[in-house]
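In what follows, a single structure is set out as structure tokens and then discussed.
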Amino acid sequence: MSSESTIAAARVPRHLAVIMDGNGRWAERRRRPRIIGHRAGARAVNVCIDFCLERGIQALTLFAFSSENWGRPEEEVGGLMKLFLGALEREVDELDRRGVRIRFIGDRSRFSEAIRRQMASAEDRTRANSRLHLTIAASYGGRWDITQAARSLAEDVAAGRLAPEDVDEAAIASRTCLAELPPPDLFIRTGGETRISNFLLWQIAYTELWFTDLLWPELDVATLQRALDDYAARERRFGLTGAQLAAPTQETTE
Ligand code: FPP
Numbered sequence: 612m613s614s615e616s617t618i619a620a621a622r623v624p625r626h627l628a629v630i631m632d633g634n635g636r637w638a639e640r641r642r643r644p645r646i647i648g649h650r651a652g653a654r655a656v657n658v659c660i661d662f663c664l665e666r667g668i669q670a671l672t673l674f675a676f677s678s679e680n681w682g683r684p685e686e687e688v689g690g691l692m693k694l695f696l697g698a699l700e701r702e703v704d705e706l707d708r709r710g711v712r713i714r715f716i717g718d719r720s721r722f723s724e725a726i727r728r729q730m731a732s733a734e735d736r737t738r739a740n741s742r743l744h745l746t747i748a749a750s751y752g753g754r755w756d757i758t759q760a761a762r763s764l765a766e767d768v769a770a771g772r773l774a775p776e777d778v779d780e781a782a783i784a785s786r787t788c789l790a791e792l793p794p795p796d797l798f799i800r801t802g803g804e805t806r807i808s809n810f811l812l813w814q815i816a817y818t819e820l821w822f823t824d825l826l827w828p829e830l831d832v833a834t835l836q837r838a839l840d841d842y843a844a845r846e847r848r849f850g851l852t853g854a855q856l857a858a859p860t861q862e863t864t865e
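Residue numbering for the sequence shown is 612 to 865, as defined by this note's numbering.
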């Protein structure tokens, strides 16, 4: 690989995290029920997965259903659950064939037995795949994630398995969801809102953020490419100065 292509490769995010917003508005603009927007949103998920596979992005984390989404009207939540179950039944074979590893993060206890079984089966089935790590955040919240990590550490301290002084950033990170993946390099949110909405709060400390007004069902390759081009042009400093990054010293590389 030439040094130029090494640089280009380094500028493709390893891990992309996405808030898929705008399904409801997409449907409302067409005077259709919101669930029609979610169905169109499920098609856009395939656009995004295909894009990651083509561009060699190694991990994709999608926010499919937040801890707070349980509070939506019963009809919408029920429709979404049906949609998740249908997508799991329909898509897993093909994703497995394409080398995609599927994982779910979030509080599974709130899902029906049927959905929990499908989630576990999709995870087992695709466990050995490594071309793309697809994580679906469902019944997930960033605060829930940090809370469950803190509780797990507290249990170990209470049981004498861990000393309080060993509770450091690395220990917390190791108990959060996605612990085995690099943190997201790039975060994309569609739908025009410019907030994080309790997504990966711990993991996105140094993630590059990118927002678009486009509604999720309208997602296309050109938009994803724009996000990647923008990402490639940014300088990530991780709290250091530009000069330090240009000429790393012993101190900054340690
Ligand atoms: C946010 O849009 C979207 C959701 C709460 C659901 C996301 C679900 C999908 C994209 C469908 C299927 C997903 C998988 C992984 C199979 P919104 O309803 O908040 O939109 P709005 O802001 O316009 O109301």
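Don't be surprised by glycine CBs; every beta carbon is placed ideally from N, CA and C.
Practice task
Could you give the DSSP three-state label for residue 749: helix, strand or coil?
Solution key: For the purposes of this step, residue 749 is taken as residue 138 along the sequence shown, with counting starting at 1. Here residue 749 carries a strand assignment [DSSP, helix/strand/coil].
Practice task
For residue 821, write down the residues that DSSP places opposite it in a beta bridge.
Solution key: Here residue 821 corresponds to residue number 210 of the sequence shown, with the count starting at 1. The partner list for residue 821 (beta bridge, DSSP) reads 799.
Practice task
Mind listing, in chain order, the continuous beta strand (DSSP E) runs of no fewer than 3 residues lying wholly within the segment 652-699?
Solution key: Complete beta strand (DSSP E) runs here, min 3: 670-677.
Exercise for the section: Count the C-beta pairs between the segment 823-840 and the segment 643-654 that are closer than 8 Å, then say yes if the count reaches three, no if not. Expected result: Segments in contact, yes.
Handout entry: residue 846, buried or exposed, once every other Cβ within 10 Å from all chains shown has been counted against 16
Key = For this step, residue 846 is matched to residue 235 along the sequence shown. Exposed, since its Cβ has fewer than 16 Cβ neighbours within 10 Å.
Problem - DSSP beta-bridge partners of residue 856 - result: Numbered from its first residue, the sequence shown carries residue 856 at position 245. Partner residues in a beta bridge of residue 856, as assigned by DSSP, do not exist.
Handout entry: Nearest to residue 811 (by Cα), restricted to the options 642, 708 and 750
Key = As a working note, residue 811 is residue 200 in the sequence shown. Per the C-alpha coordinates, the member of 642, 708 and 750 positioned closest to residue 811 is 750.
Practice task
For residue 774, count neighbouring Cβ atoms within 10 angstroms of its own Cβ and tell me buried if that reaches 16, exposed if not.
Solution key: Residue numbering aside, residue 774 sits at position 163 when the sequence shown is read from its first letter. In summary, residue 774 is exposed, with fewer than 16 beta-carbon neighbours lying within 10 Å of its beta-carbon over all protein chains present.
Practice task
Counting only the same chain and skipping the five closest in sequence on each side, list residues whose C-beta sits under 8 Å from that of residue 636.
Solution key: The count along the sequence shown starts at 1 and reaches residue 636 at position 25. Counting only Cβ-Cβ distances below 8 Å, and skipping sequence neighbours, we find 648, 802 and 826.
Practice task
Give a single yes or no on whether residue 645 has its beta carbon closer than 7 Å to a heavy atom of the ligand FPP.
Solution key: On the sequence shown, residue 645 is found 34 positions in, with the first residue counted as 1. True, at least one ligand heavy atom lies under 7 Å from that Cβ.
Practice task
Would you check if the distance between the CB atom of residue 736 and the CB atom of residue 703 is smaller than 8 Å?
Solution key: In the sequence shown, residue 736 corresponds to position 125, counting from 1. In the sequence shown, residue 703 corresponds to position 92, counting from 1. Between residue 736 and residue 703, the CB-CB gap stays under 8 Å.
Handout entry: Distance, residue 683 Cα to residue 722 Cα
Key = As a position in the sequence shown, residue 722 is number 111, starting the count at 1. As a position in the sequence shown, residue 683 is number 72, starting the count at 1. If I take the Cα positions, the gap works out to 15 Å.
Handout entry: Neighbourhood of residue 740 by C-beta distance below 7 Å, restricted to the same chain and skipping five residues each side
Key = Along the sequence shown, read from residue 1 onward, the residue named residue 740 stands at position 129. Correct list, in chain order: 707, 710, 711 and 712.
Handout entry: the ligand FPP heavy atom lying under 7 Å from the CB of residue 744
Key = As a working note, residue 744 is residue 133 in the sequence shown. In this structure, the ligand FPP has no non-hydrogen atom nearer than 7 Å to the beta-carbon of residue 744.
Exercise for the section: With DSSP as the reference, label residue 811 as helix, strand or coil. Expected result: What you label residue 811 is simply residue 200 of the sequence shown in a count that begins at 1. Secondary structure of residue 811 (DSSP, three-state): coil.
Exercise for the section: Examine the ligand FPP and report whether any of its heavy atoms sits within less than 7 Å of the Cβ of residue 827. Expected result: As a first step, residue 827 is located in the sequence shown; it is residue number 216 there, counting from the start. Residue 827 has its CB nearer than 7 Å to a heavy atom of the ligand FPP.
Handout entry: As assigned by DSSP and simplified to three states, the class of residue 789
Key = Position 178 of the sequence shown holds residue 789. DSSP places residue 789 in coil when its eight states are reduced to three.
Problem - Pick from 631, 670 and 633 that is closest to residue 623, judged by C-alpha positions - result: Sequence index remark: in the sequence shown, residue 623 carries index 12 (1-based). Measuring from the Cα of residue 623, the nearest candidate turns out to be 670.
Practice task
Using a threshold of 8 Å, state whether the C-beta atoms of residue 838 and residue 797 are closer than that.
Solution key: On the sequence shown, residue 838 is found 227 positions in, with the first residue counted as 1. On the sequence shown, residue 797 is found 186 positions in, with the first residue counted as 1. Going by C-beta atoms, residue 838 is nearer than 8 Å to residue 797.
Practice task
Buried or exposed for residue 851, please, with buried defined as at least 16 other CB atoms from any protein chain shown within 10 angstroms of its CB.
Solution key: Taking the sequence shown and counting its residues from 1, one reaches residue 851 at position 240. Exposure of residue 851 is indicated by the presence of fewer than 16 other C-beta atoms within 10 angstroms of its C-beta.
Practice task
Could you tell me whether any non-hydrogen atom of the ligand FPP is closer than 7 Å to the CB of residue 753?
Solution key: In the sequence shown, residue 753 corresponds to position 142, counting from 1. In this structure, the C-beta of residue 753 stays at least 7 Å away from each heavy atom of the ligand FPP.
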